[in-house]
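Residue numbering for the sequence shown is 377 to 628, as defined by our numbering.
For glycine and all other residues, C-beta sits at the position ideal for the given N, C-alpha and C.
Heads up, the thing below is written out as structure tokens.
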Amino acid sequence: MSTLVTSELRKVLTLRFWWALALPPLFIALFTGAIYGTVAEGLDSLDSSDPVAAATIALMIAMMATSLAAAVFGAVNAGTEFRHHTFTPTFLTTRGRDSVLAAKLGVTALFGFGYAVAVEIVTVACMLVFGGDNVSIGSEILALLPVAAVVTALWALIGAGLSLLFASSTAASVTLLAWFPVGELIAGAILRNVGAEDTVGWLPGALTLSTLTFPAGIEWLPPWQASLVGLAVWTAAAVGLGWWTTRRRDIT
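Structural data, given as structure tokens:
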């Protein structure tokens with residue numbers, strides 16, 4: 377297994393997409409950290425006596441962008457195997473597909489977690505540099521950081537699972553890019569129209585939003601603990617379907 381993990385790490389590090397996908401969320405982290413750090417005290421919508429709110433919003437925006445980038449990374453990392461037909465020799469030279477998939481998914485989650493850590497460092501650093509006393513990095517913010525990193529790792533796995541399911545990084549990436557800004561809004565509107573508005577909060581984007589507002593949460597969404605579990609269930613479904621499909625698919 378260690379050989380497979382090393383191989384997967386080398387595959388990622390020898391290609392450019394892993395750092396290219398990290399650049400947009402890092403720029404967003406730089407922007408949100410600087411803006412919210414600078415104007416935290418003057419925003420009427422944020423009680424100036426509660427600078428923690430500004431820090432939470434800045435981190436939430438940065439981590440939502442990071443989650444999308446990590447999901448696309450997972451999709452590209454898994455889907456390029458189908459595009460370049462590299463799964464075939466790998467499967468043929470190992471004792472089973474399970475170990476190969478486990479190594480790939482493990483490395484994918486690791487990079488998703490790493491994306492989060494890098495963005496969190498940039499966001500917090502910018503808030504402290506530009507905000508000074510207007511920004512408070514207390515226990516609540518420190519507790520949010522590992523939770524947000526787990527969320528990002530889960531989204532990386534969702535992207536990989538969809539790519540394995542579709543056998544295409546393009547199809548998985550388009551699905552993710554469409555779902556985040558538009559798809560979930562449409563799905564939510566449909567659910568409300570059919571009288572299933574209670575299920576809207578359990579869609580993956582809503583669960584992500586609820587988790588990233590830790591510890592306060594959002595009133596109309598499930599508590600952050602339940603949201604994190606719900607997102608993990610979505611992840612397990614995507615990875616499970618992708619894994620099962622790849623095990624049964626003829627690889628050429």
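- Here P557 is exposed. Its C-beta has fewer than 16 other C-beta atoms within 10 Å.
- Using a Cβ distance threshold of 8 Å, S475 and L380 count as a contacting pair.
- W531: member of the alpha helix (DSSP H) spanning 515–542, first to last residue.
- With a threshold of 16 other beta carbon atoms within 10 Å, P465 falls short and is exposed.
- Relative to the Cα of A529, the nearest Cα in the group L518, S549, L538, L486 belongs to L486.
- Contact check for G559 against A548 fails: the beta carbons are separated by 8 Å or more.
- Within the segment 546–626, complete beta strand (DSSP E) segments of at least 3 residues are not found at all.
- In the three-state DSSP reduction, T442 falls in the helix class (H, G or I).
- In this structure, M439 lies near V527, with their beta-carbon atoms less than 8 Å apart.
- Within the same chain, V527, T528, W531, T584 come within 7 Å of S443 by CB-CB distance, once the 5 residues on both sides are set aside.
- Scanning the segment 437–503 for uninterrupted beta strand (DSSP E) segments of 3 residues or longer gives nothing; none is fully contained.
- A distance below 8 Å separates the beta carbons of A445 and P401.
- For the set V523, L477, T499, A447, the Cα lying nearest the Cα of T611 is the one of A447.
- Here DSSP, grouped into helix, strand and coil, assigns A396 to helix.
- The alpha-carbon of A431 is positioned some 36 Å away from that of G571.
- In the DSSP annotation of this structure, the continuous segment of the alpha helix (DSSP H) that includes L380 starts and ends at 378–389.
- Considering only T499, A492, A543, the residue with the shortest C-alpha distance to F458 is A543.
- Here V388 has W394, N453, V483, F487 as same chain residues with Cβ atoms under 7 Å from its own Cβ, once five neighbours each way along the sequence are excluded.
- Contact between L567 and T575 holds, since their C-beta atoms are separated by about 6 Å, short of 8 Å.
- A straight-line Cα-Cα distance of about 12 Å links R386 and A479.
- Comparing alpha carbon positions, the residue from S539, S545, V500, C502 closest to A613 is S539.
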